[in-house]
Each structure stands twice: as C-alpha cells, then as structure tokens.
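Structure, as structure tokens:
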Amino acid sequence: IQDDFEIIDKKQIPNTTELKNEEKEKTEEARWSAPILSLAKKASENLALSYGNALKSASLVGFISKPVSNDSTAKTSARYHAMEERANLMNMMKLSIKILIQAALSLGRTLDSDFPPLQQFFVVLEHCLKHGLKVKKTFIGQNKSFFGPLELVEKLCPEASDIATSVKNLPELKTAVGRGRAWLYLALMQKKLADYLKVLLDHKHLLSEFYEPDALMMEEEGAVIVGLLVGLNVIDANLCLKGEDLDSQVGVIDFSLYLKETQDSDGKQDGGITAVLDQKHYVEELNRHLSCTVADLQNKIDCLEKTNSKLQEELAAATDRIGSLQEEQQQLKQQNELIRERSEKSVEVTKEDTKVELDTYKQSRQGLDEMYSDVWKQLKEEKKIRLELEKELELQIGMKTEMEIAMKLLEKDTHEKQDTLVALRQQLEEVKAINLQMFHKSQNAECSLQQKTEAISSFEGKTNEMMSSMKQMEERLQHAEKARQAAEERCNKMKQELAGRLDTCRQQMSQLDSKCSTLEKELKSEKEQRQTLQRELHQEKDATTLLKTELQQMEGLKKELRKLQDEKQQLEKVCEEQEQALQEMGLHLSQSKLKMEDIKEVNKALKGHTWLKDDEATHCKQCEKEFSISRRKHHCRNCGDIFCNTCSSNELALPSYPKPVRVCDTCHTLLLQRCSSNSS
Numbered sequence: 001i002q003d004d005f006e007i008i009d010k011k012q013i014p015n016t017t018e019l020k021n022e023e024k025e026k027t028e029e030a031r032w033s034a035p036i037l038s039l040a041k042k043a044s045e046n047l048a049l050s051y052g053n054a055l056k057s058a059s060l061v062g063f064i065s066k067p068v069s070n071d072s073t074a075k076t077s078a079r080y081h082a083m084e085e086r087a088n089l090m091n092m093m094k095l096s097i098k099i100l101i102q103a104a105l106s107l108g109r110t111l112d113s114d115f116p117p118l119q120q121f122f123v124v125l126e127h128c129l130k131h132g133l134k135v136k137k138t139f140i141g142q143n144k145s146f147f148g149p150l151e152l153v154e155k156l157c158p159e160a161s162d163i164a165t166s167v168k169n170l171p172e173l174k175t176a177v178g179r180g181r182a183w184l185y186l187a188l189m190q191k192k193l194a195d196y197l198k199v200l201l202d203h204k205h206l207l208s209e210f211y212e213p214d215a216l217m218m219e220e221e222g223a224v225i226v227g228l229l230v231g232l233n234v235i236d237a238n239l240c241l242k243g244e245d246l247d248s249q250v251g252v253i254d255f256s257l258y259l260k261e262t263q264d265s266d267g268k269q270d271g272g273i274t275a276v277l278d279q280k281h282y283v284e285e286l287n288r289h290l291s292c293t294v295a296d297l298q299n300k301i302d303c304l305e306k307t308n309s310k311l312q313e314e315l316a317a318a319t320d321r322i323g324s325l326q327e328e329q330q331q332l333k334q335q336n337e338l339i340r341e342r343s344e345k346s347v348e349v350t351k352e353d354t355k356v357e358l359d360t361y362k363q364s365r366q367g368l369d370e371m372y373s374d375v376w377k378q379l380k381e382e383k384k385i386r387l388e389l390e391k392e393l394e395l396q397i398g399m400k401t402e403m404e405i406a407m408k409l410l411e412k413d414t415h416e417k418q419d420t421l422v423a424l425r426q427q428l429e430e431v432k433a434i435n436l437q438m439f440h441k442s443q444n445a446e447c448s449l450q451q452k453t454e455a456i457s458s459f460e461g462k463t464n465e466m467m468s469s470m471k472q473m474e475e476r477l478q479h480a481e482k483a484r485q486a487a488e489e490r491c492n493k494m495k496q497e498l499a500g501r502l503d504t505c506r507q508q509m510s511q512l513d514s515k516c517s518t519l520e521k522e523l524k525s526e527k528e529q530r531q532t533l534q535r536e537l538h539q540e541k542d543a544t545t546l547l548k549t550e551l552q553q554m555e556g557l558k559k560e561l562r563k564l565q566d567e568k569q570q571l572e573k574v575c576e577e578q579e580q581a582l583q584e585m586g587l588h589l590s591q592s593k594l595k596m597e598d599i600k601e602v603n604k605a606l607k608g609h610t611w612l613k614d615d616e617a618t619h620c621k622q623c624e625k626e627f628s629i630s631r632r633k634h635h636c637r638n639c640g641d642i643f644c645n646t647c648s649s650n651e652l653a654l655p656s657y658p659k660p661v662r663v664c665d666t667c668h669t670l671l672l673q674r675c676s677s678n679s680s
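Heads up: the sequence shown at position 428 corresponds to 428 in the UniProt record's numbering, and the numbers run straight through without jumps.
See the structure below:
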C-alpha cells in the first residue's frame, strides 16, 4: 500500500470535523428547502465523510503498527488491514468516478487518453483489480497480473470476444499488465465495463482461482464498485491504443486532483447560493413530477391487487388441471398397458399362424411344382407329335392342291376341244348351207347346164375336194371323241384315287382332332388347376399383406405409445415448470406485498404519471418506429411511456425501485443531470 499510494502533502488533508462543520453551515443556510433536498444533503455528507476518511486512511496507512506477539492478534490485525484497504479503495473509486463524470459533463462527454481524471480512474481501477491477487509461480518466476481474471470474460460473455482478439492482435503489448490496461480501455469505449465485471462477480467460484478470500473483488465492495461503474455509460471515450506504452506505465494515484477540489470549495461558497436556488427550482420540478406519478402508482397498486387475485385463481385452476392431468396420465398408462398386452398376444398368435401357413404353403408348393413339371413334359411331347402331324397334313394338302390343278388343266383341255368341235360343227352347218345354196343354184342352173357344163365339172371337182376334206374332218372328230373318252376315263380313275386319299386324310384329321380336343381338355384342366393355385397364392399374399398391415399397425401403436410417453414427459416438465413458476409467483407476490406497503407510504406525498397500456401504443414515442415481433414494447419506469429496445436500453436506480430498472434516453439524461446537480 505504501508503494501504491503517493501522498503529496499531509498538511493539506482536511479533518472530518472541519468537513462536518462546513456541511452544517450549508444545511443551516438551506433549512427552507424541501425534505428531498435534505436527503440530497445527507448523500453529499456521506460522500464527503467517505472522501475525508479515504484521504486520512491513505495518509495513515504507512504508520500502522503490526503486532507479532500472538497468532490471533496477527489474524485480526490482517483482517482489519484488509477491511481498511477495501474501504480506502472503494472510497477512492467513488471519488475518481465522481470527478470523472463532473469533468466529462463540463467538457461535453468526449474524453481522450491524455485526460488526467480518466488516467487516475484507470490507475484506481487497476489497484482495485490487483487487490488480493494470488501469486502464480511459473518457470520464469512469479506472476501477478489482473489480466488472468479478465480473460474469463471471453468464455462467460461471447460479446467480449472482439475485445480479447483485438488485445491479442496488438503487437506493441508484451506484458500481461499492458494487455489488461488495453482491455479496460476497450471495455470503457464499448460502455460495457460494468456489465463485464458484473459477469465476473456472478461467477465467484472462478474468481477464487485468482483472488484471495479477503480480496476486494470477492467481497461486497466489488459489487458496489460495479454499481458505480454503471454511471460511466454517460461518458463517450475516444482512446487511441496505438503509440501508447501501456507496458511501462507507473500506476501511482495522484491525490492533487482531489485536494485541489477541497481548496477550491472555499472559494466557491459565494456561488453556493445560486446553486441552492437552482436546487430549489429543481426540487419544485421534482415535486411536480412526483405529484404526477401518484395516480400511476395507485393504478399500479390496483393492478397488482387484481393480478394477485387472478394469480390465486390461476393457482387453483392450475392445481385442478394438474390433478386432472395426473388422472388422465394414469388412465393413459392403464390403456397403454392393455394395448401392449393385446398387441403382444396378437403378435404371438399371428406369428404362430404364419409359421403353420408357411409350412403348408411350402409343402403344397413342392407338390404343385412336381405336377407342373410332369404336365410340362407331357405338353412338350404332345407338341412334338402335333408338329409332325401338321407337317404330314401340309404334305397331303400340297398333293391335293396339285391334283386339283391337274384336274383344272384337264377340264380346260376338254373345254377347248369342245369349243373346237362346236367350231367344226358350225363349219359343217355352213358347208351344208353352202351345199343347199349350191343345190338351189344347180336347180336354177339346170336350164343353163348345157351352157355351163364346164363350170359344173369344175364345181364337181371342188365338191369332191370338199367331200374329201369333210371325210377328213369326220375322222378327226372321231379321233377327238376317242381321246375325250380316254381322258374322261382317266379323270374318273383320278377322282376315285383322290376320293380314297381324301377319306384316309379325313380319318387321320378326325383322329388328330380327337387328340387335340383331349389335349385341349387336359390344358383346360391344367389351366384351371393353375388358376386355383394362383388364387391360393393370391389368398396367401393377401394374408401376408394383412399380417404386414397388422405389424405396421403394431409399429404405429408403438410409435403412439412413444409419443404418449414423450407427451407425458412434456406434461411432467410443464407441471414442474408451472410449480416453479407458482413458487416464483408466490415469492414475487410476497415481495410485491412488501413493496406495495413501501409504495403506499411513499405515495402519500406523491401523485404520478399515467402508465400507458400496451394496446394504446403502436409506435415508439422517441424514434416513432412501428412495433413488431422483432421490435418489442418496453415501458419506461420513470415516465410510463412505451419505447423500443434501442430507445430504452439504459438502466438507473429510482426511488420507487430498489434495483436499477429500464429508463428511456430522455429520462436517463434528465436523471443524470439531476444527480450531477444534487452531487454538486
């Protein structure tokens, strides 16, 4: 501690009695103010006392004696020293944050790395993080740095991974102290320093690896410091890490900044009247604001009472539902057991039936296969015989066609000869007609016989020639008739032979037809047997399909059983969650009743804002964007209006709420200004 704290001048440190006297004079001057102003004065008194105690304890830390005589006294003195160190560091942290916020508000909230209050803030924060660190032994030597616990934030909060990667990628940093300082700079620029440290404090079992049990981060003072760091979200810091030697910076607290303020406070007493008047106006506005919130708080009380009654009704309904669900669950269990037993029995019966049917089917199939092979062999033999008979038939049919062609040729010859005979007869008739004409001419020419004897002689020669030709023609006719008779005899013989052959062929055809009919009958019988076998196969296939469908139904029943079991588990989970929710609601109800009593006491002097309902607001009051599923509605706990998440992401502690609650940006700025004016 003597190495960490550097005291410039002990004479400049004010006593607590002087500070109390100054505060009493101020309170006497401002007795006319409201009771809320007195509360602000008490807060400033506490800050001033803590400020004086911190400076005094820092000045006297080097002069405390350490008894060595007894172990118990040594332990008690060590605890006392640890408590004093934690109190001193917490008070110094309060002072540094207060001065940093005041300086930032006066400069416009944008700070650089060269700003002295910001540098002193980081020095004090570094001392707080170093308090109670365990020394870790390595091969190089002993290592004691606060960057080890800060590395845990990356595992606990994924949002801090960007900071860790950027710190590791900086080539200028060679030591763990420099990396820790860079990490703090980046977290402050992101305005998430308080959130990250809160995550660490929530996991103290991990911090115990790095800190002693009496360390500041392991005690309640760490939570107080994290709550104070929330106020730094107002500040916009622009810190450049490149070019700065963070490894070799000396972390020494400069008390001159805080001592200058105590010296300047005497010169500013004249301006205290104006500050008091400003506080008076602020208190009047605050009274108006609080008077507006009375109705809102009363409405909240009514709503809470209604919600309590509704929750009690819902509790009763939920218990009834739980009982009915348990009864249904038992009934479903019984039904499931019955269905399971029936399904198992039916499966066993179907398995036995299928085994018996498969055996019978295999035996019948073997006999049918043998019958089928025998019938198939007979069919092949009969097909061969039928092919031979068909070949003989084709040969006989060819002979028959040849005979018919020969008969047709003979008939054509006879017809031609008959035509020639008809032509010769016509010629004979013509000759007879000519002879008659000649006879008539001879009769007519008898008178001229004498004159034409020569012509008659010539005609007689011609007639003789014609007679000779007639004789020759008659002979030819006789020969033709003889040839025709012989041809007719031949035709008759051929017809007789063909008739005999046709009779034999017809007999053979009748025999073949009888054999074909027998074969067709046998084929029909075989087809009928095959159809019966196919019908039996279809029936067996239908039976197998029915068995398969029953098996599928069994699988479906099993799936339904699994679904019912899953639904049962879900219902049990829902019941457990409802029971937990009911327990939490009971705790909330008890807490809300206590809060209601506190609020009723506070509301006796207050009248509040109207709390907007969810149905009345469709757009954000600040950015005027429409609400949707992604853009949710959030109430401001100060003014009661409805905003989006971006416009109401800030949290502050209000008088009506013990913990920090959601506040819109406008109320956040106003409340911070009022807090700064109160603290000033």
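Using N, Cα and C, we set each Cβ at its ideal position, and we do this for glycine too.
> Contact between the stretch 498 to 517 and the stretch 391 to 402: three or more CB pairs below 8 Å?
Replying inline: yes
> With 16 as the cutoff for other CB atoms within 10 Å, does P116 come out buried or exposed?
Replying inline: exposed
>> What would DSSP say about F122, mapped onto helix, strand or coil?
In response: helix
> In chain order, what residues of the same chain lie with their CB nearer than 6 Å to the CB of L519, ignoring the 5 residues before and after it?
Replying inline: E382
> What number of angstroms, rounded off, separates the C-alpha of T307 from the C-alpha of D615?
Replying inline: 18 Å
> For Y211, is the classification buried or exposed, using 16 other Cβ atoms within 10 angstroms of its Cβ as the cut-off for buried?
Replying inline: buried
> So, M92 versus I253, is the Cβ gap smaller than 8 Å?
Replying inline: yes
> Taking buried to mean at least 16 other C-beta atoms within 10 Å of its own C-beta, is M467 buried or exposed?
Replying inline: exposed
> What separation, rounded to the nearest whole angstrom, lies between the Cα atoms of K134 and E314?
Replying inline: 53 Å
> So, A176 versus S208, is the Cβ gap smaller than 8 Å?
Replying inline: no
>> For a test of the three-state rule: what should DSSP assign to Y361, helix, strand or coil?
In response: helix
> Between L156 and the rest of its own chain, which residues show a CB-CB distance below 7 Å, the 5 nearest in sequence each way excluded?
Replying inline: V199, H203
>> Report the start-end ranges of each beta strand (DSSP E) in the stretch 448 to 505 that is 3 residues or longer and not cut off at the edges.
In response: none
> Where does D566 fall in DSSP's three states?
Replying inline: helix
>> Please list the terminal residues of the continuous beta strand (DSSP E) segment that includes V661.
In response: 660 to 663
>> Measuring alpha carbon to alpha carbon, tell me which residue in P171, E172, L201 is nearest L152.
In response: L201
>> Which complete beta strand (DSSP E) runs does the UniProt domain "RUN" (112 to 244) hold, if anything under 3 residues is left out?
In response: none
> If we ignore side chains and look at the alpha-carbon of each, how far apart do K558 and N336 end up?
Replying inline: 10 Å
> In angstroms, rounded to a whole number, what distance separates the CA positions of T420 and M509?
Replying inline: 43 Å
> Are L193 and L232 closer than 8 Å when you measure CB to CB?
Replying inline: yes
> Where does R637 land, buried or exposed, given buried means 16+ other C-beta within 10 angstroms?
Replying inline: buried
> When DSSP builds the beta bridges, which residues end up paired with L619?
Replying inline: Note that residue 619 corresponds to His in the displayed sequence, not to Leu. BP columns for H619 point to E626.
> Among residues of its own chain, excluding the 5 on either side of E392, which ones have a beta-carbon nearer than 8 Å to its beta-carbon?
Replying inline: Q508
>> Check this for me: beta carbons of E172 and R86, under 8 Å apart or not?
In response: no
> If you run the structure through DSSP and keep just helix, strand and coil, what is F255?
Replying inline: coil
>> I'd like the list of long-range same chain contacts for S343, defined as Cβ closer than 7 Å, with 5 residues on each side in sequence excluded.
In response: M554, L557
> What span of residues does the beta strand (DSSP E) with L652 cover, start to end?
Replying inline: 650 to 653
> Given a threshold of 16 other Cβ atoms within 10 Å of its Cβ, counted over all protein chains shown, does Q120 qualify as buried or as exposed?
Replying inline: buried
> If you count every other CB in all the chains shown that lies within 10 Å of the CB of A187, and 16 or more means buried, which is it?
Replying inline: buried
> In angstroms, rounded to a whole number, what distance separates the CA positions of F439 and Q472?
Replying inline: 23 Å
> Which term fits T293, buried or exposed, when burial requires 16 or more other beta carbons within 10 angstroms of its beta carbon?
Replying inline: buried
> Among the residues of its own chain, which have a CB less than 7 Å from the CB of L410, if the five just before and after it don't count?
Replying inline: A487, C491
>> Is it the case that the stretch 99 to 108 contacts the stretch 232 to 248, given that we only count it when at least three CB pairs across the two stretches are under 8 Å?
In response: yes
> Measuring CA to CA, which of F255, L216, R181 is closest to D245?
Replying inline: R181
> By a C-beta neighbour count over all protein chains shown, 10 Å radius and 16 as the cutoff for buried, is H479 buried or exposed?
Replying inline: exposed
>> Which residue wins for smallest C-alpha separation from D359, given the options E579, S649, E540, L228?
In response: E540
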